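The sequence shown begins at 1 in UniProt numbering and counts up by one. All residues carry an ideal CB built from backbone N, CA and C; glycine is no exception. Computed from a predicted structure; not experimentally measured. So the structure is just underneath, and the comments pick up after that.
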Amino acid sequence: MTTLTDRPHTALLVIDVQNGVVADAHDRDGVIANIDALVGRARSANVPVVWVQHSDASLPRDTEPWEYVPELKRQDDEPLIHKTYGDSFEDTDLEAVLAERKVGRLVVAGAQTDMCIRSTLHGAIARGYDATLVADAHTTEDLTEYGAPVPAQVIAHTNLYWAGQRAPGRKGGIVKTAEVSFQTF
Numbered sequence: 001m002t003t004l005t006d007r008p009h010t011a012l013l014v015i016d017v018q019n020g021v022v023a024d025a026h027d028r029d030g031v032i033a034n035i036d037a038l039v040g041r042a043r044s045a046n047v048p049v050v051w052v053q054h055s056d057a058s059l060p061r062d063t064e065p066w067e068y069v070p071e072l073k074r075q076d077d078e079p080l081i082h083k084t085y086g087d088s089f090e091d092t093d094l095e096a097v098l099a100e101r102k103v104g105r106l107v108v109a110g111a112q113t114d115m116c117i118r119s120t121l122h123g124a125i126a127r128g129y130d131a132t133l134v135a136d137a138h139t140t141e142d143l144t145e146y147g148a149p150v151p152a153q154v155i156a157h158t159n160l161y162w163a164g165q166r167a168p169g170r171k172g173g174i175v176k177t178a179e180v181s182f183q184t185f
């Protein structure tokens with residue numbers, strides 16, 4: 001249903017599953033296993049896998065915390081988008097990478113739920129994409145000391161409101177890892 005009518009393809013967007021981002025994340029191992037399964041299924045279906053990697057003062061480039069977790073392996077021909085803002089589209093070449101591949105629909109997984117995942121989902125919808133969040137393939141750390149709910153509630157709330165996300169000619173939605181079929185998007 002995307003408003004990008006000349007872009008019939010789907011891509012898997014893997015956001016910020018970096019050592020320093022997910023070190024203390026809720027259900028870290030389970031979420032990474034789900035993302036790994038999604039990457040394998042996307043590759044098998046010839047669906048582009050686009051990797052996003054964040055850097056800032058607390059996550060400097062070319063450091064161990066900045067590196068992707070060792071459980072996930074990007075292939076050399078898979079795009080890697082470097083970003084410095086929450087929204088993966090802001091000040092990056094993500095839009096150009098997706099346009100080149102005629103992608104109008106995104107399947108989104110990664111970290112952190114309450115920051116880069118939410119920002120990128122909203123950025124995608126605002127730019128005309130359909131954006132499906134994989135409900136059990138995103139995570140966040142415990143930020144309760146700053147007034148946030150516990151991570152499980154942050155994740156559940158994001159899944160709740162994204163399930164019904166709509167805009168003219170665009171849709172959000174959620175799906176669990178086991179139910180993702182790249183052929184039906």
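Starting from residue i, trace the beta strand (DSSP E) both ways and give me its first and last residue.
| i | result |
| --- | --- |
| Ala-11 | 9-15 |
| Leu-133 | 130-139 |
| Val-49 | 49-54 |
| Arg-105 | 103-111 |
Just checking my contact of residue i with residue j at CB under 8 Å: how many whole Å lie between their CB atoms?
| i | j | result |
| --- | --- | --- |
| Val-47 | Val-97 | Actually they are not in contact, since the Cβ atoms of Val-47 and Val-97 sit about 14 Å apart, beyond 8 Å. |
| Ser-55 | Gly-86 | About 13 Å separates the two Cβ atoms, so there is no contact after all. |
| Leu-133 | Val-150 | That pair is no contact at about 19 Å. |
| Glu-141 | Ala-25 | 5 Å |
| Glu-78 | Asn-19 | At roughly 19 Å, the Cβ-Cβ gap does not stay under 8 Å, so Glu-78 and Asn-19 are not in contact. |
Would you kindly report the start and end of the unbroken alpha helix (DSSP H) that includes residue i?
| i | result |
| --- | --- |
| Gly-30 | 28-44 |
| Leu-94 | 94-100 |
| Ile-155 | 151-163 |
| Gly-169 | Neither: Gly-169 is in no alpha helix (DSSP H) and is coded neither H nor E. |
| Val-180 | Taken as a continuous stretch (DSSP letters only), Val-180 belongs to no alpha helix (DSSP H), as it is neither H nor E. |
CB-CB under 6 Å to residue i, same chain, minus the five flanking residues each way: which ones, in chain order?
| i | result |
| --- | --- |
| Thr-92 | Ile-81, Lys-83 |
| residue 215 | The displayed coordinates of the chain run from 1 to 185. Any statement about residue 215 would go beyond what the structure contains. |
| Leu-13 | Val-50, Leu-106, Val-108 |
| Asp-62 | none |
On a CA-only basis, which of the options is nearest residue i? Give me that one, please.
| i | options | result |
| --- | --- | --- |
| Val-17 | Gly-110, Gly-123, Ala-37, Val-31 | Gly-110 |
| Leu-94 | Arg-127, Ala-152, Arg-43 | Arg-127 |
| Glu-90 | Ala-124, Arg-28, Ile-155, Arg-41 | Ala-124 |
| Gln-183 | Thr-3, Thr-10, Leu-4 | Thr-10 |
| Glu-100 | Pro-8, Thr-2, Met-1 | Pro-8 |
| Gly-104 | Trp-162, Ala-131, Asp-27, Met-115 | Ala-131 |
Which residues in the same chain as residue i place their Cβ atom closer than 7 Å to its Cβ, once the five residues preceding and following it in sequence are excluded?
| i | result |
| --- | --- |
| Ala-135 | Asn-159, Ile-174, Val-175, Lys-176 |
Who are the Cβ neighbours of residue i in its own chain at under 8 Å, not counting the five residues just before and after it?
| i | result |
| --- | --- |
| Asn-34 | Ala-109, Val-134, Asp-136, Ala-137, Thr-177 |
| Ile-32 | Val-17, Val-22, Val-69, Glu-71, Leu-72 |
Quick check on the DSSP output: what are the complete beta strand (DSSP E) runs of length 3 or more inside the segment 59-93, in order along the chain? 80-83
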